[in-house]
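So that you can map any letter, position 127 of the sequence shown is 127 in this note's numbering, and since no number is skipped, the others follow by simple counting.
Glycine is no exception: its CB is placed at the ideal position from the N, C-alpha and C atoms.
This structure is a prediction, so every number in the text was calculated from the model and none was measured.
Below is one structure, written out as structure tokens; the observations come after it.
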Amino acid sequence: MRQTIWLACAALAALVPAAVQAQDSSFLSANLYGDAVPGGGDDNASGDFNGEVFPASGRVCYYLDLLDLRNPTGAAIHHGAEGDEGDVVIELQLPAAEGEETCVEADPAVVAQVLASPADYYVQVNSRRNSGGALRGQLSE
Numbered sequence: 001m002r003q004t005i006w007l008a009c010a011a012l013a014a015l016v017p018a019a020v021q022a023q024d025s026s027f028l029s030a031n032l033y034g035d036a037v038p039g040g041g042d043d044n045a046s047g048d049f050n051g052e053v054f055p056a057s058g059r060v061c062y063y064l065d066l067l068d069l070r071n072p073t074g075a076a077i078h079h080g081a082e083g084d085e086g087d088v089v090i091e092l093q094l095p096a097a098e099g100e101e102t103c104v105e106a107d108p109a110v111v112a113q114v115l116a117s118p119a120d121y122y123v124q125v126n127s128r129r130n131s132g133g134a135l136r137g138q139l140s141e
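Now the structure itself:
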């Protein structure tokens, strides 16, 4: 009987780290507007980015909702303060369908940097008409 209880406890203890790690995530969001793009973007469109980030694995899962943006061509998280242009640090994929969650894999070290200072990063969506940025929004927790 004692051995059965010990084995049951050992099995549960082995599952706890996996359960804790599965819950180890942070949430980021950004409101996207054309007038936030340096030099101007699409003033007739807007959007929202809502993401869950898993720093241990580098996985980024998100909803990217775009309103009135015609012909989007790509999206990314860039390093840069508000008003500054910066380099792409995480390539995002456009959702296959409206309201669909999309996930990408990123370098865990980069994800940790983004989480350490979200306001120093922004989401940008490009379109055929605005290849240098149609919508942009600074990240926040």
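- A Cβ-Cβ contact shorter than 8 angstroms links E105 with G58.
- With a threshold of 16 other beta carbon atoms within 10 Å, Q93 falls short and is exposed.
- In the structure shown, G47 adopts extended strand secondary structure according to DSSP, grouped into three states.
- Relative to the Cα of G51, the nearest Cα in the group P72, L67, P95 and L28 belongs to L28.
- Look at P118 here: in three-state DSSP terms it is helix.
- Beta bridge pairing from DSSP links S131 with no other residue.
- Taking every protein chain shown into account, the CB of R136 has 16 or more other CB atoms within 10 angstroms, so this residue is buried.
- Minimum Cα-Cα distance from G132 among the listed residues A56, V53, N31 and G74 corresponds to G74.
- In this structure D35 is exposed. Its beta-carbon is surrounded by fewer than 16 other beta-carbon atoms within 10 angstroms.
- Assignment of P72 by DSSP, reduced to helix, strand and coil, places it in the strand class.
- P95 is positioned such that its CB atom lies no closer than 8 angstroms to that of L115.
- Taken in chain order, the complete beta strand (DSSP E) segments of 3 residues or longer contained in the segment 81-114 are 88-92 and 102-105.
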